[in-house]
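J.: Got a structure here, written out as structure tokens. Questions coming.
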Amino acid sequence: MSDKQHESEQDHLVRMINQIAHNNSAAGDHEAIADVVAGHVKKFWPRRMKGHLAECLDNGGDVLHPAARLAGERLRDDGHLQDVQPHERG
């Protein structure tokens, strides 16, 4: 995958996770929204997408909605983002 494709896919996934956080703002505060976002990522995102999230967090996660960043940090701390790379399929 070229750097441009990789960047484009990561940008798309950042928009997607930020939209998930925004769309679930009725869940309450950032803690509650992060729970919803983390649950969605665990249930629906394949390893490749989780790899992009891990990479985004490794780069500071500044582009993420605060609740999305919190969800990603929780997933990483719980081991759900370990040993995944953006180039993996599945």
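For the sequence shown, the positions run 1 to 90 when UniProt numbering is used.
Yeah, the Cβ is synthetic: ideal placement off N, Cα and C, and Gly gets one too.
Every value quoted in this text rests on a predicted model; they were computed, and no experiment measured them.
1) Below 8 Å on the Cβ atoms is my guess for VAL36 versus LEU53; work out the distance and round it to an integer in Å.
2) Could you tell me how far apart the beta carbons of GLY61 and GLY51 are, in whole angstroms, since I believe they sit closer than 8 Å?
3) Is the distance from the Cβ of ALA38 to the Cβ of ALA67 below 7 Å?
4) Please say whether LEU13 and MET49 have beta carbons closer to each other than 7 Å?
5) Under a Cβ-count criterion, where at least 16 other Cβ atoms within 10 Å of its own Cβ denotes burial, should ARG69 be classed as buried or exposed?
6) Could you check the C-alpha separation between LEU75 and ALA21 for me, to the nearest Å?
7) Please return the same chain residues whose Cβ sits closer than 8 Å to the Cβ of HIS30, not counting the five positions on each side in sequence.
T.: The short version:
1) As a first step, residue 36 must be located in the sequence shown, where it is residue number 36. As a first step, residue 53 must be located in the sequence shown, where it is residue number 53. Rounded, the Cβ-Cβ distance is 15 Å, inconsistent with contact.
2) Taking the first residue of the sequence shown as position 1, residue 61 is located at position 61. Taking the first residue of the sequence shown as position 1, residue 51 is located at position 51. Not a contact, Cβ separation roughly 14 Å.
3) Start at 1 with the first residue of the sequence shown, and residue 38 comes out as number 38. Start at 1 with the first residue of the sequence shown, and residue 67 comes out as number 67. Cβ atoms of ALA38 and ALA67: not closer than 7 Å.
4) Position 49 of the sequence shown holds residue 49. Position 13 of the sequence shown holds residue 13. Yes. Within cutoff.
5) Stepping through the sequence shown from its first residue, residue 69 is reached at position 69. The residue is buried, with at least 16 neighbouring Cβ atoms inside 10 Å.
6) Taking the sequence shown and counting its residues from 1, the one referred to as residue 75 is at position 75. Taking the sequence shown and counting its residues from 1, the one referred to as residue 21 is at position 21. Spanning the two alpha carbons is a distance of roughly 15 Å.
7) The count along the sequence shown starts at 1 and reaches residue 30 at position 30. Once the five neighbours on either side are set aside, the close Cβ partners of HIS30 are PRO66, ALA67 and LEU70.
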